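When you line the sequence shown up against UniProt numbering, it's residues 1 to 194, in that order.
For reference, the structure discussed in these notes is given below.
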Amino acid sequence: MSGQNPVTPTASTLAEAARAAKTRGLPPLEKWNPPFCGDLDMHIKRDGTWFYEGTPIGRPELVKLFSTILWREGDKYFLVTPVEKVGITVEDAPFVAVDFEVEGEGVAQKLSFISNVGDAAVAGPSNPIRVERDPETGEPAPYVLIRRNLEALIDRKSFYRLVELGVHHEGWFGLWSQGAFFGIIPSDELPEDA
1 MSGQNPVTPT ASTLAEAARA AKTRGLPPLE KWNPPFCGDL DMHIKRDGTW
51 FYEGTPIGRP ELVKLFSTIL WREGDKYFLV TPVEKVGITV EDAPFVAVDF
101 EVEGEGVAQK LSFISNVGDA AVAGPSNPIR VERDPETGEP APYVLIRRNL
151 EALIDRKSFY RLVELGVHHE GWFGLWSQGA FFGIIPSDEL PEDA
């Protein structure tokens with residue numbers, strides 16, 4: 001050991017550190033390299049609900065604060081402050097895209113998404129849309145990159161609206177945004193009644 005007392009992070013200490021490090025916009029997590037302090041009993045459900053020690057976090061401002069210090073490395077997620085890094089569990093994607101706006105059409109179309117924690121992202125080359133399909137049921141799970149390498153699961157109502165905007169391009173049915181085409185499903189796999 002380095003002679004330091006081990007730190008046992010809690011949601012309260014993380015919130016305090018996040019508030020202290022808060023600047024305009026997102027904190028510079030990529031510049032911080034705190035020691036890993038273990039895992040915290042915090043997880044994010046597929047519907048975007050954050051839980052701490054088995055209880056939903058009921059304060060939206062606290063969830064939003066925690067979301068600003070969320071970091072992903074590979075398939076693992078962490079809350080990072082200048083002095084500590086703790087692992088948390090994410091069931092699917094850490095955010096949910098709860099709505100979007102459309103501007104323009106065709107190749108010039110722009111799709112602007114808003115997440116459950118208030119992040120905004122315009123789909124395009126820097127913020128791609130991707131769709132995973134369940135191998136057994138074929139059910140789609142659509143995602144959009146929100147920031148850094150953190151994605152949002154696009155909620156069902158928004159996905160249905162997106163499908164209404166879909167077009168065929170080079171053998172795929174999908175969407176345009178900021179000059180990029182994002183395939184949803186191969187055109188020949190699209191149901192006849194769609």
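Ideal placement from N, C-alpha and C gives every residue a C-beta, glycine not left out.
Only a predicted model underlies this, so the values are computations on that prediction, with no experimental measurement involved.
Indicate the three-state DSSP secondary structure (helix, strand or coil) for residue i in the structure shown.
i: ARG156; result: helix
i: SER67; result: helix
i: ASP75; result: coil
i: GLN4; result: For GLN4, the predicted model reports a pLDDT of 43, less than 50, meaning its position is unreliable; a value from the coordinates is still stated below. DSSP places GLN4 in coil when its eight states are reduced to three.
i: GLY106; result: helix
i: LEU190; result: coil
i: LEU175; result: strand
i: SER126; result: coil
i: PRO94; result: coil
i: THR13; result: helix
i: LEU40; result: strand
i: TRP161; result: Trp is not the amino acid found at residue 161; the sequence shown has Arg there. Three-state DSSP puts ARG161 in a helix.
i: GLY183; result: strand
i: LYS31; result: helix
i: GLU151; result: strand
i: LEU62; result: helix
Return the Cβ separation of residue i and residue j in integer angstroms, given the expectation that the two are a contact with Cβ distance under 8 Å.
i: LEU150; j: LEU70; result: 6 Å
i: VAL117; j: SER158; result: VAL117 to SER158, Cβ: 15 Å. No contact.
Hey, would you say residue i sits closer than 8 Å to residue j, going by beta carbons?
i: LEU40; j: ILE88; result: yes
i: ASP99; j: LEU153; result: no
i: PRO125; j: ALA180; result: yes
i: PHE173; j: ILE129; result: no
i: ALA123; j: GLN178; result: yes
i: TYR52; j: ALA11; result: yes
i: GLY171; j: PRO191; result: no
What's the C-alpha gap between residue i and residue j?
i: GLU132; j: TYR143; result: 8 Å
i: residue 196; j: PRO9; result: This structure cannot speak to residue 196, because the chain is shown only from 1 to 194.
i: ALA120; j: ASP75; result: 23 Å
i: THR13; j: THR49; result: 20 Å
i: PRO35; j: VAL83; result: 7 Å
i: GLU101; j: GLU164; result: 13 Å
i: GLY58; j: TRP176; result: 36 Å
i: PRO27; j: ARG156; result: 31 Å
i: GLY104; j: THR55; result: 43 Å
i: TYR77; j: VAL90; result: 7 Å
i: GLN4; j: CYS37; result: Any reading at GLN4 must be qualified, since the residue scores a pLDDT of 43, below 50, and its modelled position is unreliable; no value is offered.
i: LYS64; j: ILE44; result: 12 Å
i: ARG72; j: VAL86; result: 11 Å
i: GLY166; j: ASP188; result: 14 Å
i: TYR160; j: VAL107; result: 20 Å
i: GLY25; j: LEU79; result: 17 Å
i: MET42; j: PHE113; result: 26 Å
i: ASN33; j: THR81; result: 9 Å
i: LYS31; j: ASN127; result: 22 Å
If we define contact as Cβ-Cβ less than 8 Å, is residue i a contact residue for chain C?
i: PHE66; result: The structure shown contains no chain C; it holds only a single protein chain.
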